[in-house]
Amino acid sequence: MKAPGMSVFLFALAVGLSLRALADERPGLKQYTPHFGCYDPGGKTVQTAAKIKGTRKYSEYEEQEIYRDVRCDTDGYTLKVPNGTYHVELKFSEIEHAALRRRVFGIKVQGQQIKQRLDIFAAVGKNTAYEVRSPDVIVTNGLLKIEFVRIVGSPCIAAMSIGGDIAGAKDAAQRVFYQHINCGGGSFSGYYADFGFGGEPNQAVQRTGASRSAQETNRTSSAAGSRR
Numbered sequence: 005m006k007a008p009g010m011s012v013f014l015f016a017l018a019v020g021l022s023l024r025a026l027a028d029e030r031p032g033l034k035q036y037t038p039h040f041g042c043y044d045p046g047g048k049t050v051q052t053a054a055k056i057k058g059t060r061k062y063s064e065y066e067e068q069e070i071y072r073d074v075r076c077d078t079d080g081y082t083l084k085v086p087n088g089t090y091h092v093e094l095k096f097s098e099i100e101h102a103a104l105r106r107r108v109f110g111i112k113v114q115g116q117q118i119k120q121r122l123d124i125f126a127a128v129g130k131n132t133a134y135e136v137r138s139p140d141v142i143v144t145n146g147l148l149k150i151e152f153v154r155i156v157g158s159p160c161i162a163a164m165s166i167g168g169d170i171a172g173a174k175d176a177a178q179r180v181f182y183q184h185i186n187c188g189g190g191s192f193s194g195y196y197a198d199f200g201f202g203g204e205p206n207q208a209v210q211r212t213g214a215s216r217s218a219q220e221t222n223r224t225s226s227a228a229g230s231r232r
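Count along the sequence shown from 1, add 4, and you get the number used in this note's numbering.
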């Protein structure tokens, strides 16, 4: 027969483990697959109907779409991923400002400084695609952190691609990891919808200048005050 003190201890231990599990699955998680998700990045989303310059020729229509909507005023993204080694391709476009030093921010991936000062307009001008690729980073706690350091104005991002190798995978097919998010917009041609948008990738999405004009007003995400 178990002593009363032992029963109390086991009950407290079970409650503690349950609370820890709930804490690990924090509220505000958009789960794309069992092994990939995105926590609420906060901020607001902005769209344009303008033509985006500098997109890749082999997929110009797709590239136009992902660069036309951006998430602004965010301090970054926290992604749920399997432990492993990853690189991140961050895609940007300045669709609001047409002057230097209106938006300047730094970029860190998993704590590593990737860009100390990024002024998208200074780099490529307005309505023009711009990409930054990180070196390989290691994830050991299931979370991949992309941080924006505010310098002038508010950071923004149009899309991201995450690629790498999952640690402990049994074969090459299980090891390869490659996912995409259309930041500030819905799902489109292989890109998952951003937090606060519905839909899955590879859906046929019709977007016209008229429909975008109706969306020109900035939309605030469901938890705009949440920052990670």
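The beta-carbon is built from N, C-alpha and C at its ideal position, and this holds for glycine as well.
Query	Result
In or out: residue 41 buried (at least 16 other Cβ within 10 Å) or exposed?	buried
Of the choices 200, 167, 43 and 79, whose alpha-carbon is the least far from that of residue 137?	167
Here's the rule: buried if 16 or more other CB atoms are within 10 angstroms of the residue's CB, otherwise exposed. What is residue 81?	buried
Leaving out the 5 sequence neighbours to the left and right, which residues in its chain are closer than 6 Å to residue 179 when beta-carbon positions are compared?	169, 170 and 173
Return the Cβ separation of residue 143 and residue 88 in integer angstroms, given the expectation that the two are a contact with Cβ distance under 8 Å.	6 Å
Distance, Cα to Cα, residue 120 vs residue 35?	31 Å
Which residues in the same chain have their Cβ closer than 6 Å to the Cβ of residue 134, if we skip the five residues on either side of it in sequence?	96, 124, 127 and 128
Considering only the beta carbon of each residue, do residue 75 and residue 55 sit closer than 9 Å?	no
Checking 9 Å against the spacing of the C-beta atoms, do residue 70 and residue 162 come in under that value?	yes
If you follow the beta strand (DSSP E) that residue 141 is in, where does it begin and where does it stop?	141-143
Report the rounded CA-to-CA distance for residue 105 versus residue 146, giving the unit in angstroms.	36 Å
Where are the beta strand (DSSP E) runs, 3 residues long or more, that stay fully inside the segment 171-206, in chain order?	180-186
Note down, in chain order, each residue of its chain lying with its Cβ closer than 7 Å to the Cβ of residue 199, except the 5 sequence neighbours on either side.	34, 42, 44, 45 and 225
Compute the distance between the beta-carbons of residue 107 and residue 187, then report whether it is under 9 Å.	no
Tell me whether residue 188 counts as near the ligand MN, meaning its Cβ is closer than 8 Å to at least one heavy atom of that ligand.	With respect to the ligand MN, the structure shown offers nothing to examine, as it has no ligands at all.
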